[in-house]
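One structure below.
Protein chains in written order, with my numbering: chain S, 1 to 98; chain C, 101 to 198; chain H, 201 to 298; chain P, 301 to 398.
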């Protein structure tokens, strides 16, 4: 099982959410912005390894991500790899985005 | 061990909590509302696989849930399956419900 | 390895924290209050199985807990048993206590 | 695999973050302050075992940590040892620091 990170995005509202994702690294400028749309009343399962535009996210590199949405969404971030159990956290800051 | 998701609901207050649950999917309209009551000063262990009315929740499908309560409750959501360790998060938004 | 739950309490302030703990169940009145003191600038590792006064916490029973403190503290709650990975969450409500 | 704790610090802003870390114990005064800088638009992976100045953090001892930053940062704290899965939590208090 290869490592991968995913973010589960929930848009419980009645308007589509336009989400911008930036990825931050230790030793270079951030990658992105990546853009996804979460339709109204839908979830979206985002796999970071699938991000390609404007560039793929480097493998085997620590990174952090910031998501901004034009309507309130809920983001749950999960990391899964072969050595570790998974992290789960609700990025409460997502609620504060404009 | 089959996969299952549970939510532990805590009503630490002195009035019964009437809770409404909606389940969101990637590619269809939300399911629900499901309704449960958490009595005053009690916990309730909700298994998503046990939800039947108005419809069972599909197996092997990613979903997200939103709970609303008429009094403040605490919700801890846990996912357990055979491939993954479990997720734990406290849905702090529950405190904000009316 | 037997199951156990622990709470790690951090008092980063300069006054001792007097903490009251109540434990909630599915089908009976809450147990407690249990009382512990977290000295100023100290941590305390609380094992729920060690709680004895006013009564031990039943084994093999689901429960939830609420902690109140007279000064701000941080509480991290951990559950460990032989079937599951552990849960970790920071009960942010602890910051809101008087 | 030896036990270790790490904190992933994210500075998504445009100014360097000067971070002060204090470590709290059960039975002695806190250690620190330790100081690290998280450059603008960068992440930093902090290994507690690597902290040396003003003193190393004792091994095999429970501790808790408090981080303060002069600009808003996000902190994700992870513990990994050979007996347990890992804890993940986002210390939302980090957002409240001045």
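C-beta atoms are modelled at their ideal positions from N, C-alpha and C, and glycine is treated no differently.
Nothing here was measured: the structure is a model prediction, and the numbers come from that model.
- In this structure, the straight-line span from the alpha carbon of residue 37 of chain S to that of residue 69 of chain S is close to 9 Å.
- If you draw a straight line from the Cα of residue 320 of chain P to the Cα of residue 140 of chain C, it comes to about 43 Å.
- When the five nearest sequence neighbours on each side are left out, the beta carbons in the same chain lying within less than 6 Å of the beta carbon of residue 351 of chain P are those of 334, 357, in order along the chain.
- A direct Cα-Cα distance of roughly 19 Å separates residue 309 of chain P from residue 7 of chain S.
- In the structure shown, residue 25 of chain S falls within a coil segment according to DSSP collapsed to helix, strand and coil.
- With respect to the 7 Å criterion, residue 175 of chain C and residue 12 of chain S are not classified as neighbours on the basis of their beta carbons.
- Residue 64 of chain S sits close to residue 343 of chain P, with the two beta carbons spaced by under 7 Å.
- Boundaries of the beta strand (DSSP E) harbouring residue 133 of chain C: 131-138, taken from the DSSP string.
- A direct Cα-to-Cα measurement between residue 255 of chain H and residue 325 of chain P gives close to 28 Å.
- Residue 264 of chain H is bridged by DSSP to H:224.
- Excluding its 5 nearest sequence neighbours in each direction, residue 271 of chain H has C-beta neighbours in its own chain below 6 Å: 213, 215, 217, listed in chain order.
- Taking each of C:153, C:147, C:162, C:145 in turn and checking the Cα distance to residue 45 of chain S, the smallest one comes out for C:162.
- Below the 8 Å Cβ cutoff, chain H contributes 224, 225, 226, 227 as neighbours of residue 142 of chain C, in chain order.
- What residue 118 of chain C touches in chain H, judged by beta-carbon distance under 7 Å, is nothing: the nearest beta carbon there is about 17 Å away.
- DSSP places residue 44 of chain S in the uninterrupted beta strand (DSSP E) bounded by 42-47.
- The beta-carbon of residue 75 of chain S is placed no less than 7 Å from the nearest beta-carbon of chain P.
- For residue 212 of chain H, the nearest beta carbon of chain P is closer than 7 Å to its own beta carbon.
- The bridge partners DSSP lists for residue 355 of chain P come to none.
- A straight line joining the alpha-carbon of residue 53 of chain S with that of residue 77 of chain S spans about 20 Å.
- Residues of the stretch 345-368 of chain P that bring their beta carbon within less than 8 Å of a beta carbon in chain H comprise 362, 363, 364, 366, in sequence order.
- Non-local C-beta neighbours of residue 223 of chain H in its own chain, meaning closer than 7 Å and more than five positions away in sequence, comprise 230, 231, 232, 257, 263, 265, ordered along the chain.
- In its chain, beyond the 5 residues on either side, no residue has a beta carbon closer than 7 Å to the beta carbon of residue 160 of chain C.
- In this structure, the straight-line span from the alpha carbon of residue 127 of chain C to that of residue 27 of chain S is close to 38 Å.
- Residue 73 of chain S and residue 247 of chain H have their C-alpha atoms spaced approximately 36 Å apart.
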